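K.L.:
First, the structure itself, so that you have it in front of you.
Protein chains in written order, with the numbering used here: chain A, 1 to 164; chain B, 165 to 465.
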């Protein structure tokens, strides 16, 4: 991991792979709080990539994907795929799945990685059309799970991580 | 307010050689008929870049017109030597153009398709059709539906200019009357009756208020997949887009377009990367279906 140096967009995919390598195999469950448009909510999420399933509960309302079927407030659909349906907050368990690493058409790409206290890596991402538009993400080195996401649309804090 | 800039890169790809980018020019016109497309190609031929490419001999190979741009592939001895493009938008946004040339096996032909000769005859008639068609528009049709339409003109010149020309009408229909996964479909018609196999990329973008939108995901639709993938004169295909946040504003853009055409018996793929069409912002709010509020575009913030 290239710390404390400016990164080019071309290095984004490699950085994402390095973040993925931090993760442990097996299901991961997280709890946290998020704030979006002035509303603060608690959430919990479970992801099992091997079995291609996820479950997400936000303010007591649960949606899930299992056995190739998405179940949410709109009912059930089987014409969708695991990878494309994972909600953003669930992706905090697998932060390399967030669309911010400069891969292909992704608007954001990492420009800086810093070590911060308590064993986390702080990533700063820049929007390719407006460099002043930035997103930050902290990832715990010990498990590869995100702990903080500060984004234009949402701010999220993960306070509990359980690996199985 | 920041509004998405025109896509900075528009690439025309026709058949395995990848060539360096050329300089783009802005000229005050745009194609509204096939005849206008040919006129736009003349703008390309007036450029220094075109003259440089043809200084040691060379002729127009494939050419493509979109509502905002015109592209010419220059070939010598039936090999591509480069490409030149002009930006036809009035805001004079400059584009960097990349042209690739490659022969591809392409999808299998359809037995019932009209012969190429017949198709070329139809296309020639199309080229003479002066009817002004508004070839690119977007329309909110209800609180939950929107359509984006755009035309692609293209042809091949070789030593006989134009050897053929064709126009593909494309429509993207969005249905956002869901809380999470939204429906999108595309339909296309080869107006010159020439059998083609288009595929387009529809991107879901998250709106970010005063900042530029950001990419969420993309779906490719157009000519079907697997055994369903054939040359046709018209087709439609449905898919989905997956906003990953329950509360936000989104929009779509058609940012990628590729199509296969059988020219002189070989299948060739042409590709455009750029802003073929951008939809209106819609609103997704917690525990509610997404919508265009009151049938209008959602506010910036």
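Yeah, the Cβ is synthetic: ideal placement off N, Cα and C, and Gly gets one too.
The model shown is predicted, which means the values in this text are computed figures rather than measured ones.
#1: Does the beta-carbon of residue 303 of chain B have 16 or more other beta-carbons within 10 angstroms, so that it is buried, or is it exposed?
#2: Identify which residue in B:420, B:416, B:438, B:429 has its Cα closest to the Cα of residue 447 of chain B.
#3: If you check the beta carbons only, do residue 106 of chain A and residue 82 of chain A fall under 8 Å apart?
#4: Does residue 126 of chain A come within less than 8 Å of chain B when only Cβ atoms are used?
#5: Which chain B residues sit within Cβ distance under 8 Å of residue 70 of chain A?
#6: Beta-carbon of residue 418 of chain B versus every beta-carbon of chain A: anything under 8 Å?
#7: Relative to the C-alpha of residue 332 of chain B, which candidate in B:235, B:251, B:372, B:229 has its C-alpha closest?
#8: In three-state DSSP terms, what is residue 85 of chain A?
#9: Check whether the Cβ atoms of residue 29 of chain A and residue 42 of chain A lie closer than 8 Å to each other.
#10: Using 10 angstroms around the beta-carbon of residue 3 of chain A, count the other beta-carbons present and answer buried if the total reaches 16, otherwise exposed.
#11: Could you tell me the alpha carbon to alpha carbon distance between residue 15 of chain A and residue 89 of chain A, rounded to whole angstroms?
#12: Pull up the distance between the alpha-carbon of residue 450 of chain B and that of residue 433 of chain B, whole angstroms please.
#13: With distances taken Cα to Cα, identify the nearest neighbour of residue 339 of chain B among B:306, B:202, B:462.
#14: Can you tell me whether residue 131 of chain A is buried or exposed, with buried defined as 16 or more other CB within 10 angstroms of its CB?
#15: For residue 422 of chain B, name the three-state secondary structure that DSSP assigns.
#16: Measuring CA to CA, which of A:93, A:69, A:73, A:139 is closest to residue 60 of chain A?
#17: So residue 154 of chain A contacts chain B; which residues on that side make the cut at Cβ distance below 7 Å?
#18: Can a CB atom of chain B be found closer than 8 Å to the CB of residue 73 of chain A?
#19: What is the C-beta distance between residue 383 of chain B and residue 405 of chain B, in whole angstroms, given that I count them as a contact (C-beta under 8 Å)?
#20: Along the chain, where does the alpha helix (DSSP H) containing residue 21 of chain A start, and where does it finish?
#21: Out of B:367, B:379, B:334, which has the shortest C-alpha to C-alpha gap to residue 400 of chain B?
#22: So, for residue 158 of chain A: in the same chain, excluding its five sequence neighbours on each side, which residues have a beta-carbon less than 8 Å away from its beta-carbon?
#23: For residue 85 of chain A versus residue 78 of chain A, is the C-beta distance shorter than 8 Å?
#24: Assign residue 385 of chain B to buried or exposed, taking buried as 16 or more other Cβ atoms, counted over all protein chains shown, within 10 Å of its Cβ.
#25: Only counting the same chain, and skipping five residues up and downstream in sequence, which positions put a Cβ closer than 8 Å to that of residue 371 of chain B?
#26: Which two residues bound the contiguous alpha helix (DSSP H) that contains residue 214 of chain B?
#27: Among B:440, B:231, B:423, which has the Cα closest to the Cα of residue 363 of chain B?
#28: Which residues in the same chain as residue 7 of chain A place their Cβ atom closer than 6 Å to its Cβ, once the five residues preceding and following it in sequence are excluded?
#29: Compute the Euclidean distance between the alpha carbons of residue 71 of chain A and residue 408 of chain B, then round it to the nearest angstrom.
#30: For residue 457 of chain B, which three-state DSSP category applies?
#31: By Cβ distance, which residues of its chain are closer than 7 Å to residue 420 of chain B, with the 5 residues on each side in sequence left out?
#32: In three-state DSSP terms, what is residue 95 of chain A?
P.N.:
On the basis of the coordinates in this document:
#1: Residue 303 of chain B should be labelled exposed.
#2: Considering only alpha carbons, the answer is B:416.
#3: No, the pair does not count as a contact, with Cβ atoms beyond the cut-off.
#4: For residue 126 of chain A, the answer is no, since every Cβ of chain B falls outside 8 Å of its Cβ.
#5: Within 8 Å Cβ-Cβ: 344, 345.
#6: Chain A contact via Cβ: absent.
#7: It is B:229.
#8: In the structure shown, residue 85 of chain A sits in a helix (DSSP, three-state: H, G or I).
#9: Not in contact: residue 29 of chain A and residue 42 of chain A (Cβ atoms no closer than 8 Å).
#10: Residue environment analysis places residue 3 of chain A among the exposed positions, since fewer than 16 neighbouring C-beta atoms fall within 10 angstroms of its C-beta.
#11: Taking C-alpha positions only, residue 15 of chain A is separated from residue 89 of chain A by approximately 20 Å.
#12: Cα to Cα, the separation comes out at about 43 Å.
#13: Comparing Cα positions, the closest option is B:306.
#14: By the neighbour-count criterion, in which a residue is buried when 16 or more other Cβ atoms sit within 10 angstroms of its Cβ, residue 131 of chain A is exposed.
#15: Note: residue 422 of chain B maps to strand in three-state DSSP.
#16: Minimum Cα distance to residue 60 of chain A is reached at A:73.
#17: The contacting residues are 409.
#18: The beta-carbon of residue 73 of chain A is placed less than 8 Å from the nearest beta-carbon of chain B.
#19: About 6 Å separates the two Cβ atoms, so the contact holds.
#20: It spans 12-22 - the alpha helix (DSSP H) in which residue 21 of chain A sits, taken as one unbroken run.
#21: If we check each option's Cα against that of residue 400 of chain B, B:334 comes out closest.
#22: The residues 30, 31, 32, 92, 145, 146, 147, 148, in chain order, have a CB closer than 8 Å to that of residue 158 of chain A in the same chain once the five nearest residues on each side in sequence are set aside.
#23: Taking 8 Å as the Cβ cut-off, residue 85 of chain A and residue 78 of chain A do not qualify as a contacting pair.
#24: Buried.
#25: Within the same chain, residue 371 of chain B has close Cβ partners 377, 412, 413, 414, 415, 445, 462, 464.
#26: Where residue 214 of chain B is concerned, the enclosing alpha helix (DSSP H) stretches over 212-217.
#27: With distances taken between Cα atoms, residue 363 of chain B lies closest to B:423.
#28: Excluding residues within five positions, the ones whose Cβ falls inside 6 Å are 110, 111.
#29: Rounded to the nearest angstrom, the two C-alpha atoms are 14 Å apart.
#30: Helix, per DSSP.
#31: Here the set comprises 364, 365, 437.
#32: Residue state, collapsed to three classes: helix.
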